[in-house]
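**Q** Have a look at the structure that comes next, please.
Numbering (our numbering), first residue to last: 84 to 454.
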């Protein structure tokens, strides 16, 4: 194992933050798998799973079982880790701008521009390597103005040439689920069966250029630009893994998750000697079929359903009670499908989002991600 640390540019005299990436395997080995956790810096199930994964990678390295290259950034966001307000972590948005740390990543296809003209051939493998080289060169030209944008750039400099990119997150209260592009459905199914996902939400373009999509959309865009002349494959499979809820942080669960990640690494050829994927294939629904339910009034929340429950349109999911009015109102399911995540707080303001239900029917278009 080797480690690389980079320091972000100081935003004020005497300040400094450092990011670290640990790598197993030879530098040019394929496949390359990149994983990071804690991009939303108040979400710790992913970093703990990576802690246990790194122990397993050390063991695999000692046994000579690293056949590809595995890069792990266990804590991807030192900026967010320092953001505490009234003794509570605030790791989802940059407090200076309130911009989500998982939005606004560089558009690699736009950065590459005409760089590939005269470089591509009729060989897909040659073109895949050429695109990766162009991505690296384009990122080297970027001059970020802010510390969060420099963080985004450094992460992509580590990950842009990977065959597989896994971004480990969690929700407030949720089942284990994931988000993926529709470009490589076999890999989506393989990941689900490896990690034990209970739901996959699939969408090519969800809006906001989140970290996972910043690695898949450029391949799609460049393939469309050069269609009929130069074949460009979908050179990266990327997914956001939602490891249940913020409170699901314990060694036993994280160790199981790490073991399942090793199963995936083995299934894609980065590590040898692992078990085969054994989990059942969960529902794969369109991201546009995931719909939010909102609070009909402010008040105290009492839930009738838990994440993982199947519900129908119009079912009562929860109640919101206003003791000052002696009024209790139902929260109705906006769709038929799976209640897969809900908010943590037992009090809401009127109009606040409370939960999401995912189903087979597309009910939303356009920008599909919450901020």
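For each residue, glycine too, the CB sits at the ideal point set by N, CA and C.
Grab me the residues of residue 444's own chain with a C-beta within less than 6 Å of its C-beta, minus the 5 sequence neighbours each way, in chain order.
**A** As a working mapping, residue 444 is identified with position 361 in the chain shown. Same-chain partners within the cutoff: 372.
**Q** Find out if the Cβ-Cβ distance for the pair residue 124, residue 91 is shorter than 9 Å.
**A** Here residue 124 refers to the residue found at position 41 when the chain shown is read from its first residue. Here residue 91 refers to the residue found at position 8 when the chain shown is read from its first residue. No, they are not a contact pair.
**Q** For residue 402 and residue 251, which I take to be in contact (beta-carbon distance under 8 Å), what is that distance rounded to the nearest angstrom?
**A** As a first step, residue 402 must be located in the chain shown, where it is residue number 319. As a first step, residue 251 must be located in the chain shown, where it is residue number 168. Between residue 251 and residue 402 the Cβ distance is about 33 Å, and since that is not below 8 Å, they are no contact.
**Q** Anyone know if the C-beta pair for residue 351 and residue 441 falls short of 9 Å?
**A** Position 268 of the chain shown, counting from 1, holds the residue named residue 351. Position 358 of the chain shown, counting from 1, holds the residue named residue 441. No, the Cβ-Cβ distance between residue 351 and residue 441 is not below 9 Å.
**Q** For residue 107, does the three-state DSSP call read helix, strand or coil?
**A** Numbered from its first residue, the chain shown carries residue 107 at position 24. Looking at residue 107 - three-state DSSP - the assignment turns out to be strand.
**Q** Starting from the C-beta of residue 172, find all residues in its chain whose C-beta is less than 6 Å away, skip the five residues before and the five after it, and write them out in chain order.
**A** To locate residue 172, count along the chain shown from 1; it is residue 89. Contacts found: 125.
**Q** Could you give the distance in angstroms between the alpha-carbon of residue 181 and the alpha-carbon of residue 454?
**A** To locate residue 181, count along the chain shown from 1; it is residue 98. To locate residue 454, count along the chain shown from 1; it is residue 371. Rounded to the nearest angstrom, the two C-alpha atoms are 9 Å apart.
**Q** On the three-state DSSP scale, how would you describe residue 162?
**A** The residue you call residue 162 lines up with position 79 of the chain shown. In the structure shown, residue 162 sits in a helix (DSSP, three-state: H, G or I).
**Q** Report yes if the CB atom of residue 190 is closer than 9 Å to the CB atom of residue 307, and no otherwise.
**A** Within the chain shown, numbered from 1, the residue matching residue 190 stands at position 107. Within the chain shown, numbered from 1, the residue matching residue 307 stands at position 224. Not in contact: residue 190 and residue 307 (Cβ atoms no closer than 9 Å).
**Q** Using the C-alpha atoms, what's the distance from residue 407 back to residue 343?
**A** For this step, residue 343 is matched to residue 260 along the chain shown. For this step, residue 407 is matched to residue 324 along the chain shown. When rounded, the distance between both Cα atoms is 49 Å.
**Q** Determine the direct distance from the alpha carbon of residue 216 to that of residue 328, and round the result to whole angstroms.
**A** The sequence position of residue 328 within the chain shown is 245, counting from 1. The sequence position of residue 216 within the chain shown is 133, counting from 1. Rounded to whole angstroms, residue 328 to residue 216 spans 38 Å at the Cα level.
**Q** Using DSSP's beta-bridge definition, name the partner residues of residue 254.
**A** Translated into the one-based positions of the chain shown, residue 254 becomes position 171. DSSP lists 328 as partners of residue 254.
**Q** Does DSSP classify residue 168 as helix, strand or coil?
**A** Looking up residue 168 in the chain shown gives position 85. Residue state, collapsed to three classes: strand.
**Q** How should residue 146 be labelled, buried or exposed, when 16 other C-beta atoms within 10 angstroms of its C-beta is the threshold for buried?
**A** In the chain shown, the residue the question calls residue 146 occupies position 63. Residue 146 is exposed by the Cβ-count criterion.
**Q** Taking only runs of the beta strand (DSSP E) that begin and end inside the region 290 to 340, which ones reach a length of at least 3 residues, in chain order?
**A** Complete beta strand (DSSP E) runs here, min 3: 320 to 328.
**Q** Compute the beta-carbon to beta-carbon distance between residue 348 and residue 116, rounded to the nearest angstrom, for a pair I have assumed lies under 8 Å.
**A** Against the chain shown, residue 348 aligns to sequence position 265. Against the chain shown, residue 116 aligns to sequence position 33. Between residue 116 and residue 348 the Cβ distance is about 6 Å, and since that is below 8 Å, they are a contact.
**Q** Put residue 347 into one of helix, strand or coil per three-state DSSP.
**A** By 1-based counting over the chain shown, the position of residue 347 is 264. Residue 347: helix per DSSP, three-state reduction.
**Q** Just how far apart, CA to CA, sit residue 386 and residue 323?
**A** Counting from one through the chain shown, the residue named residue 386 turns up at place 303. Counting from one through the chain shown, the residue named residue 323 turns up at place 240. When rounded, the distance between both Cα atoms is 27 Å.
**Q** Between the region 286 to 293 and the region 216 to 232, can you find at least three pairs of beta-carbon atoms closer than 8 Å?
**A** Judged by Cβ distances under 8 Å, the region 216 to 232 makes no contact with the region 286 to 293, as fewer than three pairs qualify.
**Q** With 16 as the cutoff for other CB atoms within 10 Å, does residue 200 come out buried or exposed?
**A** Translated into positions along the chain shown, residue 200 becomes position 117. Exposed, by the Cβ-count rule.
**Q** Exposed or buried, what is residue 111 when buried is set at 16 or more other beta-carbons lying within 10 Å of its beta-carbon?
**A** To locate residue 111, count along the chain shown from 1; it is residue 28. That one is exposed.
**Q** May I have a chain-ordered list of the beta strand (DSSP E) segments no shorter than 3 residues that lie completely inside the region 384 to 424?
**A** For the region 384 to 424, whole beta strand (DSSP E) runs of length 3 or above, ordered along the chain, are 399 to 405, 410 to 415.
**Q** So, residue 396 versus residue 370, is the Cβ gap smaller than 9 Å?
**A** Here residue 396 is taken as the residue at index 313 of the chain shown, counted from 1. Here residue 370 is taken as the residue at index 287 of the chain shown, counted from 1. Result no, Cβ atoms of residue 396 and residue 370 do not sit closer than 9 Å.
**Q** So what does DSSP say about residue 235, is it helix, strand or coil?
**A** By one-based count along the chain shown, residue 235 stands at place 152. Residue state, collapsed to three classes: helix.
**Q** Which first and last residues belong to the alpha helix (DSSP H) in which residue 202 is found?
**A** As a working mapping, residue 202 is identified with position 119 in the chain shown. Where residue 202 is concerned, there is no enclosing alpha helix (DSSP H), given that its DSSP letter is neither H nor E.
**Q** Can you tell which of 365, 363, 431, 94 has the C-alpha that lies nearest to the C-alpha of residue 227?
**A** As a position in the chain shown, residue 227 is number 144, starting the count at 1. If we check each option's Cα against that of residue 227, 94 comes out closest.
**Q** Just tell me which of 438, 353, 398, 107 has its CA closest to the CA of residue 113.
**A** For the purposes of this step, residue 113 is taken as residue 30 along the chain shown, with counting starting at 1. The option with the nearest alpha carbon to residue 113 is 353.
**Q** According to DSSP, residue 376 sits in a beta bridge with which residue or residues?
**A** Position 293 of the chain shown, counted from the start, is the residue given in the question as residue 376. According to DSSP, residue 376 bridges with 438.
**Q** Does the beta-carbon distance from residue 377 to residue 260 come in below 9 Å?
**A** Here residue 377 corresponds to residue number 294 of the chain shown, with the count starting at 1. Here residue 260 corresponds to residue number 177 of the chain shown, with the count starting at 1. Against a cut-off of 9 Å, the Cβ pair of residue 260 and residue 377 comes out as no contact.
**Q** Can you round the beta-carbon distance between residue 160 and residue 121 to whole angstroms, since I take them to be within the 8 Å contact cut?
**A** In the chain shown, the residue the question calls residue 160 occupies position 77. In the chain shown, the residue the question calls residue 121 occupies position 38. With a Cβ gap of about 6 Å, residue 160 and residue 121 count as contacting.
**Q** Classify residue 358: buried if its beta carbon has 16 or more other beta carbons within 10 angstroms, exposed otherwise.
**A** Taking the first residue of the chain shown as position 1, residue 358 is located at position 275. So residue 358 counts as exposed.
**Q** Determine the DSSP secondary structure at residue 447, reduced to helix, strand or coil.
**A** Here residue 447 refers to the residue found at position 364 of the chain shown. Residue 447 falls in the coil class under three-state DSSP.
**Q** Find out if the Cβ-Cβ distance for the pair residue 84, residue 237 is shorter than 9 Å.
**A** Along the chain shown, one-based indexing puts residue 84 at 1. Along the chain shown, one-based indexing puts residue 237 at 154. Against a cut-off of 9 Å, the Cβ pair of residue 237 and residue 84 comes out as no contact.
**Q** Only counting the same chain, and skipping five residues up and downstream in sequence, which positions put a Cβ closer than 6 Å to that of residue 148?
**A** Here residue 148 refers to the residue found at position 65 when the chain shown is read from its first residue. Counting only Cβ-Cβ distances below 6 Å, and skipping sequence neighbours, we find 354, 355, 356.
**Q** Would you kindly work out how many angstroms separate the C-alpha atoms of residue 437 and residue 384, rounded to a whole number?
**A** Taking the chain shown and counting its residues from 1, the one referred to as residue 437 is at position 354. Taking the chain shown and counting its residues from 1, the one referred to as residue 384 is at position 301. So the two alpha carbons sit approximately 9 Å from each other.
**Q** Rounded to whole angstroms, what is the Cα-Cα separation between residue 492 and residue 221?
**A** In the structure as shown, the chain begins at 84 and stops at 454. Residue 492 is therefore absent and cannot be evaluated.
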